[in-house]
């Protein structure tokens with residue numbers, strides 16, 4: 002349970018009307034309303050201000066507010082469109098919308114590209130890819146030799162960096178994903194297809210409020 | 002699959018930090 006009733010969420014900074022959010026995302030109005038409860042719960046889990054702070058995001062993902070993770074940081078930063086260190090309700094809905102099964106293929110490919118462009122240079126560079134591989138190995142308690150890591154990164158670059166300039170641009174990324182569609186499999190959350198069916202408690206909540 | 006049979010992006014796409022489905026687990 003969150004710290005605000007859905008009606009008082011409307012006084013939270015960054016609140017946006019569900020009808021407007023539904024118009025520009027893959028969600029219906031009732032789905033946006035259903036996501037109130039989840040947003041409310043996460044945004045009040047540590048700091049009861051109706052905004053999702055990074056520690057709250059980590060707590061929701063890992064059940065541990067102190068567990069740092071490079072990729073979770075990247076997702077948080079991309080959701081935090083205003084770059085003010087918190088995820089507001091509208092940002093949460095827009096961010097999650099990319100993961101909706103009905104969201105466009107292009108939006109998923111672009112989101113993944115921005116996710117992996119760690120330093121926001123407009124390219125995925127070799128050092129960034131190596132940093133991500135190292136982060137994944139660390140997270141997974143996997144130990145590979147330095148030579149093997151270099152080999153994995155080199156091999157990937159030789160396949161993806163088709164013009165051989167040492168960085169992967171968006172066109173090269175699109176081409177690489179088209180040959181390896183599993184790369185964006187995690188950009189789709191089947192849960193989001195029917196939130197109201199998957200989370201009937203959300204429906205009951207929003208129906209009660211609609212009838213008030 | 003072994004890390005050695007995957008390309009680097011397939012490897013990193015398995016990160017738990019990218020599994021937003023866990024946001025929906027009660």
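Chains as they are written, first to last, in the numbering used here: chain A, 2 to 213; chain B, 2 to 27. Backbone N, C-alpha and C fix where the C-beta goes; we use that ideal spot for every residue, glycine too. None of these values were measured; they are calculated from a predicted model.
- Contacts with chain B (Cβ-Cβ distance below 8 Å) from the segment 63–78 of chain A involve 63, 70, 71, 72, 73, 74, 75 and 76, listed in chain order.
- DSSP links residue 53 of chain A through a beta bridge to A:88.
- With contacts defined as CB atoms closer than 8 Å, residue 76 of chain A and residue 21 of chain B qualify as a contacting pair.
- In the DSSP annotation of this structure, residue 69 of chain A is not part of any alpha helix (DSSP H), being labelled neither H nor E.
- Excluding residues up to 5 positions away in sequence, nothing lies with its Cβ nearer than 8 Å to the Cβ of residue 24 of chain B in the same chain.
- Annotated three-state conformation of residue 42 of chain A is helix, per DSSP.
- Put simply, the backbone Cα of residue 144 of chain A is about 23 Å away from that of residue 159 of chain A.
- Within the segment 114–128 of chain A, contact with chain B at the beta-carbon level (separation under 7 Å) is assigned to no residue.
- Secondary structure remark: continuous beta strand (DSSP E) runs of at least 3 residues inside the segment 123–153 of chain A: none found.
- With distances taken between CA atoms, residue 85 of chain A lies nearest to A:53 out of A:150, A:147, A:67 and A:53.
- For residue 27 of chain A, there is no enclosing alpha helix (DSSP H), as DSSP gives it neither H nor E.
- Residue A:71 holds the alpha-carbon nearest to the alpha-carbon of residue 118 of chain A among A:63, A:71 and A:146.
- For residue 168 of chain A, the beta-bridge partners assigned by DSSP are A:126.
- If the five residues before and after residue 100 of chain A are omitted, its C-beta is found closer than 7 Å to the C-beta atoms of 188, 189, 190 and 193, all from its own chain and listed in chain order.
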